[in-house]
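Quick note, the sequence shown lines up with residues 93 to 467 if you use our numbering.
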Amino acid sequence: MKQRIIGFDLARAYAIFGMYIVNFTFCFGSFREETIYGRFADLFIGNSTSIFIICAGMGVILMTQREGYSQEQKGELKTVILKRSWFLFGLGLLLYNWWPGDILHFYGGYMHIAAFILFIRRKYYLWLAVLAIVVYNALQFLIPVTTSWDLQTTRYADFWTPAGFLRNTFYNGWNSIFPWFAYFSLGMFLGRLDWHDKKTWKQIFFVGVGLLAAFKALRLFIKYDFDNMQRHEFYIKSWSYIMEDYFPANIPFMMITTGWAFMIIASCMYIGNKLSTSKLIKALAGTGQMTLSLYVLHMTVGVLILSKLTHKPYTGYPQQAQPVGILFILFYAILFFGISVLFSFLWSRKFKNGALETLMRKISKPGIQIRSIWK
């Protein structure tokens, strides 16, 4: 797989666009707006994050996948991944002080684990994904998932204590290791597939359709059958588990978002292959290659500009006063994404990588020739 696959970069661009919508809405708007625009914004809850993490897992594998590495070279590759994980973890913790919904420190955790499983057999990545989900569900019987959370304000009481930090990082943070590492491990599995074979796109797409349809159908059935006296009590007890979106990340949510991610990634592969010479597609792919820098940019510069435009203070938490209308936020997110695409295009004419991507590469520079996660 020597040639860079443009479809992955398109999927990353989609993911960062979705994050713009979700994070701007979280900080300034409301996910409860029952309009067509509100329902459109809801489509990105969890879906963009899952794609972001899956693509990260795929990137790690594509970066290190080559025949004939010696044990010494494999050890050096692991060191590179470990250094990048520490960079992301540290950057994320810095950002957390400004943006408590940060994903980068969790991302660093996923990558740290990945460093030790780079060269295992492909099937074991699926088993590790299942294990992450099983452990998470088992922990819910031992520790209430809302421990330390004030869900009205979305504040976490003891993040900066040893116990609170470990609990948040591994169990009940927004994107905690359990179960969210399952997405990363799935990405590592996907990275081992032959993406130059169009059959792979079709298989992944239809697996995604099957997962999405099955669990969406389950939710619809329960809604319509809720008053059935034979099953009513069961529905009451299981309602939150089956219907909850994002937090806690229960099995139905994870299967739906995985299905959506598979469909989007396969679709991006198809589009990237068909329109590889399109200037727009190339520009979008360039945006996908700078997701790390753009993630930090939208949660610093992006939220400050939005705060000025709306005369609403940025706190990193949902607005306690009147939220900004979702239509305005969608317009701003689309505009900010358009500017991001233009910025990425202009930046790439002078620099090979984004600013933070370059810094990460320099910190983790290997002694052997490898492809980077961030071109």
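Yeah, the Cβ is synthetic: ideal placement off N, Cα and C, and Gly gets one too.
Subject >> Euclidean distance between Cα positions of Ile334 and Thr383 >> reply: The residue you call residue 334 lines up with position 242 of the sequence shown. The residue you call residue 383 lines up with position 291 of the sequence shown. Spanning the two alpha carbons is a distance of roughly 32 Å.
**OP:** With a cut-off of 8 Å on the beta carbons, I'd call Phe318 and Tyr327 a contact; round off their distance for me.
**Re:** On the sequence shown, position 226 is the one that residue 318 refers to. On the sequence shown, position 235 is the one that residue 327 refers to. The Cβ separation is near 5 Å, so the contact holds.
Original post:
What does DSSP give as the partner residues of Asp242 in its beta bridges?
Top reply: Position 150 of the sequence shown, counting from 1, holds the residue named residue 242. Arg247, per the DSSP bridge assignment.
**OP:** Can you tell me the Cβ-Cβ gap for Leu304 and Trp352, rounded? I've got them flagged as a contact below 8 Å.
**Re:** Position 212 of the sequence shown, counting from 1, holds the residue named residue 304. Position 260 of the sequence shown, counting from 1, holds the residue named residue 352. Confirmed, about 6 Å.
**OP:** For the alpha helix (DSSP H) holding Trp287, just list the boundary residues, first then last.
**Re:** As a first step, residue 287 must be located in the sequence shown, where it is residue number 195. Counting along the chain, Trp287 falls outside any alpha helix (DSSP H), and DSSP gives it neither H nor E.
Subject >> Delimiting residues of the alpha helix (DSSP H) encompassing Asp101 >> reply: As a working mapping, residue 101 is identified with position 9 in the sequence shown. Per DSSP, Asp101 belongs to the alpha helix (DSSP H) from Ile98 to Phe120.
Subject >> Minimum C-alpha distance to His204 - residue among Val226, Tyr216, Met355 and Val152 >> reply: Within the sequence shown, residue 204 is the residue found at index 112, counting from 1. Measuring from the Cα of His204, the nearest candidate turns out to be Val152.
Original post:
Just the Cα atoms here: how many angstroms apart are Ile465 and Met155?
Top reply: For the purposes of this step, residue 465 is identified with residue 373 of the sequence shown, where counting begins at 1. For the purposes of this step, residue 155 is identified with residue 63 of the sequence shown, where counting begins at 1. Here the model assigns Ile465 a pLDDT of 38, short of 50, so the residue's position is not dependable, and the following value carries that caveat. Near 6 Å, if we compare the C-alpha coordinates of Met155 and Ile465.
Original post:
To the nearest whole angstrom, what separates the beta carbons of His390 and Tyr129, a pair I think is in contact under 8 Å?
Top reply: Position 298 of the sequence shown, counting from 1, holds the residue named residue 390. Position 37 of the sequence shown, counting from 1, holds the residue named residue 129. Between Tyr129 and His390 the Cβ distance is about 20 Å, and since that is not below 8 Å, they are no contact.
Subject >> Reduced DSSP secondary structure (H/G/I, E/B, other) of Tyr188 >> reply: Numbered from its first residue, the sequence shown carries residue 188 at position 96. The answer is helix: DSSP assigns Tyr188 an H, G or I state.
**OP:** Rank Ala133, Cys119 and Glu325 by C-alpha distance to the C-alpha of Cys190 and give the top, closest one.
**Re:** If you number the sequence shown from 1, residue 190 lands on position 98. What sits at residue 190 in the sequence shown is Trp, not Cys. Of the candidates Ala133, Cys119 and Glu325, the residue whose Cα lies closest to the Cα of Trp190 is Cys119.
**OP:** Could you check what DSSP says for Ala341 in three-state terms: helix, strand or coil?
**Re:** Here residue 341 refers to the residue found at position 249 of the sequence shown. Three-state DSSP puts Ala341 in coil, outside helix and strand.
Original post:
Between Phe116 and Ile421, which are expected to be in contact by the criterion C-beta below 8 Å, what is the C-beta distance as a whole number of angstroms?
Top reply: For the purposes of this step, residue 116 is taken as the residue at position 24 of the sequence shown. For the purposes of this step, residue 421 is taken as the residue at position 329 of the sequence shown. Between Ile421 and Phe116 the Cβ distance is about 5 Å, and since that is below 8 Å, they are a contact.
Subject >> the region 100-110 touching the region 236-244, judged by at least three CB pairs closer than 8 Å >> reply: No: fewer than three Cβ pairs fall under 8 Å.
Subject >> Contacting residues, own chain, Cβ-Cβ under 6 Å from Ser456 (five flanking each side not counted) >> reply: Position 364 of the sequence shown, counted from the start, is the residue given in the question as residue 456. Around Ser456: Val172, Lys175 and Arg176.
Original post:
Considering only C-alpha positions, which residue in the set Tyr406, Thr402, Gly430 and Val433 is nearest to Ile418?
Top reply: Stepping through the sequence shown from its first residue, residue 418 is reached at position 326. Taking only the C-alpha atoms, the option nearest Ile418 is Thr402.
**OP:** Confirm, please, whether the CB-CB distance from Cys360 to Phe100 is below 9 Å.
**Re:** Numbered from 1 along the sequence shown, position 8 holds the residue referred to as residue 100. Numbered from 1 along the sequence shown, position 268 holds the residue referred to as residue 360. Yes, these two residues count as a Cβ contact at 9 Å.
Subject >> Where Arg124 sits in the DSSP three-state scheme >> reply: One-based indexing of the sequence shown puts residue 124 at position 32. Of the three classes helix, strand and coil, the one that applies to Arg124 here is coil, per DSSP.
**OP:** State the CB to CB distance for the pair Gly138 and Thr349, rounded to an integer number of angstroms; the pair is presumed to be in contact (CB under 8 Å).
**Re:** Walking along the sequence shown from the start, residue 138 turns up at place 46. Walking along the sequence shown from the start, residue 349 turns up at place 257. Between Gly138 and Thr349 a beta carbon distance of about 5 Å is seen, short of the 8 Å cut, so the two are scored as contacting.
Original post:
Considering only C-alpha positions, which residue in the set Ile343, Tyr409, Tyr216 and Leu187 is nearest to Val61?
Top reply: Given a span of 93 to 467 for the chain in the structure shown, any question on residue 61 remains unanswerable.
Original post:
Whose C-beta lies closer than 7 Å to the C-beta of Asp286 among residues of the same chain, with five residues either side of it excluded?
Top reply: Locating residue 286 in the sequence shown gives position 194, where the first residue counts as 1. Listed in chain order, the non-local C-beta contacts of Asp286 below 7 Å within the same chain comprise Thr292, local neighbours out to five positions each way being set aside.
Original post:
At which residue ranges does the region 303-380 contain complete alpha helix (DSSP H) runs of 4 or more residues, listed in the order of the chain?
Top reply: Every unbroken stretch of the alpha helix (DSSP H) spanning 4 or more residues and falling wholly within the region 303-380 is given here in chain order: 324-335, 343-366 and 371-380.
Original post:
Three-state secondary structure (DSSP) at Pro271?
Top reply: As a first step, residue 271 is located in the sequence shown; it is residue number 179 there, counting from the start. Pro271 falls in the helix class under three-state DSSP.
Subject >> Exposure label - Glu449; buried when at least 16 CB within 10 Å >> reply: Walking along the sequence shown from the start, residue 449 turns up at place 357. By the neighbour-count criterion, in which a residue is buried when 16 or more other Cβ atoms sit within 10 angstroms of its Cβ, Glu449 is buried.
**OP:** Locate the alpha helix (DSSP H) running through Tyr202, then write down its first and last residues.
**Re:** Translated into positions along the sequence shown, residue 202 becomes position 110. Leu196 to Ala206 is the span of the alpha helix (DSSP H), which, as asked, contains Tyr202.
**OP:** Indicate whether Met346 and Tyr275 have their beta-carbon atoms separated by less than 9 Å.
**Re:** The sequence position of residue 346 within the sequence shown is 254, counting from 1. The sequence position of residue 275 within the sequence shown is 183, counting from 1. Contact flag set, yes.
Original post:
Thinking C-beta only, is Lys404 closer than 9 Å to Ala498?
Top reply: Since the displayed the chain opens at 93 and closes at 467, residue 498 lies outside it and no answer follows.
Subject >> DSSP-derived helix/strand/coil call for Leu422 >> reply: Position 330 of the sequence shown, counted from the first residue, corresponds to residue 422. DSSP places Leu422 in helix when its eight states are reduced to three.
Subject >> Cβ distance (whole Å) where Gly408 is taken to contact Pro271 below 8 Å >> reply: Position 316 of the sequence shown, counted from the start, is the residue given in the question as residue 408. Position 179 of the sequence shown, counted from the start, is the residue given in the question as residue 271. Not quite, the Cβ-Cβ distance comes to about 24 Å (not below 8 Å), so this is no contact.
Subject >> N- and C-terminal bounds of the alpha helix (DSSP H) containing Phe233 >> reply: By 1-based counting over the sequence shown, the position of residue 233 is 141. In the DSSP annotation of this structure, the continuous segment of the alpha helix (DSSP H) that includes Phe233 starts and ends at Lys215 to Leu234.
Original post:
If you check the beta carbons only, do Gly121 and Gln322 fall under 9 Å apart?
Top reply: Here residue 121 corresponds to residue number 29 of the sequence shown, with the count starting at 1. Here residue 322 corresponds to residue number 230 of the sequence shown, with the count starting at 1. No. Outside cutoff.
Subject >> Bounding residues of the alpha helix (DSSP H) (the contiguous stretch that carries Gly408) >> reply: In the sequence shown, residue 408 corresponds to position 316, counting from 1. Note, Gly408: premise wrong, no alpha helix (DSSP H); not H, not E.
**OP:** Find the nearest neighbour of Gly300 within the set Leu278, Asn365 and Ile235, judged by alpha-carbon distance.
**Re:** Within the sequence shown, numbered from 1, the residue matching residue 300 stands at position 208. Here the closest residue by C-alpha is Leu278.
Original post:
Between Phe208 and the rest of its own chain, which residues show a CB-CB distance below 8 Å, the 5 nearest in sequence each way excluded?
Top reply: Position 116 of the sequence shown, counting from 1, holds the residue named residue 208. These residues qualify, in order along the chain: Lys170.
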